[in-house]
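**Q**
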Amino acid sequence: MNERIKVNVEGKGEFVVERGIKLEDISKQLFGKDYKNYLGARINNQIYHLQKKIHENVNIKFLSLKDEDGNKIYARTISAIFIMACEEIFPQCTVKIEHSIGDGLYAELQGGKSIGFSEIEMIKDKMVAIIEKDLPIIREKVPAEEGIALFEKQGYYDKVRLYKTLEREEIQIYRIGDHIDGFHGYLAPSTGYVRLFDLKYYYPGVIILFPNKDSIDNIPKFKEHKKLAKVFKEANEWASILDLAFLGSLNEKVLNGEIGEVIRISEALHEKKIGHIADEICKDDDINIILIAGPSSSGKTTFAQRLAIHLKVNGKRPIAISVDDYFVDRDKTPLNEKGEFDFESIEAIDLERLNEDLVRLLEGQEIELPKYNFITGKSENSGVKIRVDKDHPIIVEGIHGLNPRLTEHIPEKNKFKIYISALTQLNIDAHNRITTTDTRFIRRLVRDSKFRGNDVFRTFELWGGVIKGEEKNIFPYQEEADVMFDSALVYELSVLKKHAIPLLSTVDNSSLYYSEARRLLQFLKYFIDIEDESLIPPNSILREFIGGADISVH
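All residue numbers for the sequence shown refer to our numbering, where the first residue is -1 and numbers rise by one.
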């Protein structure tokens, strides 16, 4: 007689099952015909694939599209099916999953095949056929030498280059029929789990659309981000020119002692772009106010100071105004849904006074800047009086910089709006992208530890609210920008790794953040360390996070 164990399933209760049962079989028993709504599971704060066998009493939470981790599994699985379909139809081509845009993933076919509307319909039909077959997705670990040989046979030379730079005994692969691939993260148990998707032609590639946690039964309508797409395209072109589109090539540069040149070129590109932005501002005599906005850990502070230097080179004398000094008094600060002060709401800013001060400055009048006392929660007089003329552009940095309400009384002709974010230009390989959110979180994790007295748990605790605030207050306005600046540095994660790993390693399975910490640890292990930080110039945006800056950023 088989031994029995107890499992407690969130939302369903406690059940007795056979020891060694697969998570997928538990899901089938509990959810019946709806079992394919659940793509993975969380046990003891760790994420597992549904083929995992259970041998002891555990608490289980099955993950659906409503869960962020479930959504990631869905996205990975539909990407795998897209890749498989493309390779079956166009075997001479390679597929690259480039980046997210809107609510979808942008991908391209490379290798001489141009893609159009008819090709997209062919791919879509093939994907539907693969999904209808409900093919098992088999996850297995193989010796590294065998895995590299399999990837080479499949034509995945980017994966071959990567794993040849890493000292690994085993490589995780996925098999779908005769198709073999590798992914950073779990896939669903079979192709039939991801039935809802769409493809949209987006020259020169395609957008893969699928449900998300806010719309689990429908595919969100694609919202075009023209300026953002242009920045991604430029970043990818630069990465290709430098032969740094994938992580394997970056690791090779580190191992071969060529990383110094990569750092110099990356930093020179930033310097050139910042100088170009300053030149554009100075071409227009009507521009008096420069608005800088971007999500957390984008490098806004360093960027603003470097921009000020380039403006001075052009004969300007910029003045910075902090939006933080225009907070309303604490008793007027709006509350969020938890009843806590919502300092990220635009209603937390004294918009009337800010606009009044800016208008008076543009009219040539003198104003006294306010100073917000964060201890008393009151706005005070700073004693600092300023007056500006046409050679004194005003730099305003803050999360609401692109929201028209922030400067609603200022004519558009007098404003120059800049959006800054770390729009990562490097992918792990052709099928595994590096998200901008991961890069920004790792930046923030290191900075919080070094300069803000926050441990890893506090950074994780705050991050969810940060993301929520960005989705409400920043991302909807990014296309308002006159220019976008990509603050990502192709080499930065190879530097941040040694700072981040000790912090992430302190998170054990008693923490709610264990699965995310573990995922980031596994992700960072793909990077070869850049040990010599003296190669990084003191004015680098990266210095804002690791220290050693020659400008005031903290």
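Built from N, CA and C at the ideal position, the CB exists for glycine as well.
Does the pairing of the stretch 315 to 328 with the stretch 343 to 362 give three or more beta-carbon distances under 8 Å?
**A** The answer is yes - the stretch 343 to 362 touches the stretch 315 to 328, with three or more Cβ pairs under 8 Å.
**Q** Note down the Cα distance separating L554 from E269, rounded to an integer number of angstroms.
**A** The question about residue 554 has no answer here: the residues shown for the chain are numbered -1 through 552.
**Q** When the Cα of N69 is compared with those of D101, Q49 and F88, which residue comes out closest?
**A** N69 has its Cα closest to that of D101, out of D101, Q49 and F88.
**Q** Any idea which residues DSSP pairs Y199 with across the strands?
**A** The partner list for Y199 (beta bridge, DSSP) reads V204.
**Q** Please give me, in chain order, every unbroken run of the beta strand (DSSP E) with length at least 3 that falls completely inside the stretch 31 to 106.
**A** Within the stretch 31 to 106, the complete beta strand (DSSP E) runs of at least 3 residues are 38 to 41, 44 to 46, 56 to 61 and 92 to 99.
**Q** On the criterion of 16 or more Cβ atoms from any shown chain inside 10 Å, does A127 qualify as buried, or is it exposed?
**A** Exposed, by the Cβ-count rule.
**Q** Is the stretch 171 to 183 in contact with the stretch 411 to 429, if contact means three or more CB pairs nearer than 8 Å?
**A** The stretch 171 to 183, when compared against the stretch 411 to 429, does touch it at the 8 Å Cβ threshold.
**Q** My assumption, with CB atoms under 8 Å, is that I528 sits in contact with V481. Please give the rounded CB distance.
**A** That pair is no contact at about 29 Å.
**Q** So, H497 versus V444, is the Cβ gap smaller than 9 Å?
**A** Yes. Within cutoff.
**Q** Can you grab the Cα-Cα spacing for the pair F414 / I263, in whole Å?
**A** In a straight line, the C-alpha of F414 is about 27 Å away from that of I263.
**Q** With distance defined between alpha-carbon atoms, name the residue in I526, F449 and L502 nearest to S545.
**A** According to the sequence provided, residue 545 is Gly. The question's Ser does not apply to it. Among I526, F449 and L502, the Cα nearest to that of G545 belongs to F449.
**Q** Among L245, V311 and I290, which has the Cα closest to the Cα of H398?
**A** When only C-alpha atoms are compared, the closest one is I290.
**Q** Between L501 and E22, what straight-line distance do the alpha-carbon atoms span, to the nearest angstrom?
**A** Cα to Cα, L501 sits roughly 34 Å from E22.
**Q** Within 10 angstroms of its Cβ, does I275 collect 16 or more other Cβ (buried), or is it exposed?
**A** Looking at its Cβ environment, which holds 16 or more other Cβ atoms inside 10 Å, I275 is buried.
**Q** For L185, which option in R173, F195, L194 and D196 has the closest C-alpha, if you only look at C-alpha atoms?
**A** Here the closest residue by C-alpha is R173.
**Q** For K495, which residues in the same chain have their Cβ closer than 7 Å to its Cβ, ignoring the five residues on either side in sequence?
**A** The residues are L522, F525 and D527.
**Q** DSSP on E235, reduced to helix/strand/coil?
**A** DSSP places E235 in helix when its eight states are reduced to three.
**Q** Would you please state the rounded distance, in angstroms, between the beta carbons of E96 and E106? I believe it to be under 8 Å.
**A** Yes, they are in contact, since the Cβ atoms of E96 and E106 sit about 6 Å apart, within 8 Å.
**Q** Excluding five sequence neighbours on each side, which residues of the same chain lie with their C-beta closer than 6 Å to the C-beta of P134?
**A** Excluding positions up to five away in sequence, the list reads S188.
**Q** My guess is that N234 and A243 are in contact by the Cβ rule of under 8 Å, so how many angstroms apart are they, rounded?
**A** Sure, about 7 Å apart at Cβ, within 8 Å.
**Q** For the stretch 273 to 336, list the alpha helix (DSSP H) runs that are entirely contained and at least 4 residues long, ordered along the chain.
**A** Runs found: 298 to 311.
**Q** Taking the alpha-carbon of K251 as reference, which of Q520, N6 and S492 has the nearest alpha-carbon?
**A** Of the candidates Q520, N6 and S492, the one whose C-alpha sits nearest the C-alpha of K251 is S492.
**Q** Would you mind giving the Cβ-Cβ distance between R456 and D446, rounded to the nearest angstrom? I have them listed as a contact below 8 Å.
**A** R456 to D446, Cβ: 7 Å. Contact.
**Q** Between F220 and chain D, is the shortest Cβ-Cβ distance under 9 Å, so that the two count as touching?
**A** The chain labelled as chain D is not found in the depicted structure, where only one protein chain is given.
**Q** Look at F553 and V505 and say whether their C-beta atoms are less than 9 Å apart.
**A** Only positions -1 to 552 of the chain appear in this structure, which leaves residue 553 out of reach.
**Q** Taking D484 as part of the beta strand (DSSP E), name the residues at either end of that continuous run.
**A** V481 to D484 is the span of the beta strand (DSSP E), which, as asked, contains D484.
**Q** Report yes or no: do the stretch 162 to 169 and the stretch 135 to 142 share at least 3 C-beta pairs separated by less than 8 Å?
**A** Yes: at least three Cβ pairs fall under 8 Å.
**Q** From E531 to E256, what distance separates their C-alpha atoms?
**A** Cα to Cα, E531 sits roughly 14 Å from E256.
**Q** Once the 5 residues before and after G190 are set aside, which same chain residues still bring their CB inside 7 Å of it?
**A** Around G190: K34, I129 and D132.
**Q** Of the choices I205, E364, Y154 and N43, whose alpha-carbon is the least far from that of N85?
**A** Residue identity check: residue 85 is Glu in the sequence provided, not Asn. Looking at the Cα atoms, Y154 is the closest of the given residues.
**Q** On the DSSP bridge list, what partners appear for N254?
**A** In DSSP, N254 forms no bridge with anything.
**Q** Let me make sure I understand the geometry here. Which of L424, F301 and W461 has the alpha-carbon closest to that of G560?
**A** Nothing can be reported for residue 560: it is not among the residues displayed for the chain, which extend from -1 to 552.
**Q** Under three-state DSSP, which class holds P141?
**A** If DSSP states are grouped into helix, strand and coil, P141 belongs with the strands.
**Q** Need the endpoints of the beta strand (DSSP E) that S380 sits in, please.
**A** K376 to I384 is the span of the beta strand (DSSP E), which, as asked, contains S380.
**Q** Near E342, what residues of its chain come up, given a Cβ to Cβ distance below 7 Å and the 5 sequence neighbours on each side ignored?
**A** Taken in chain order, the residues that qualify are I397, G467 and N471.
**Q** For E168, which beta-bridge partners are listed by DSSP?
**A** Its beta-bridge partners are P141.
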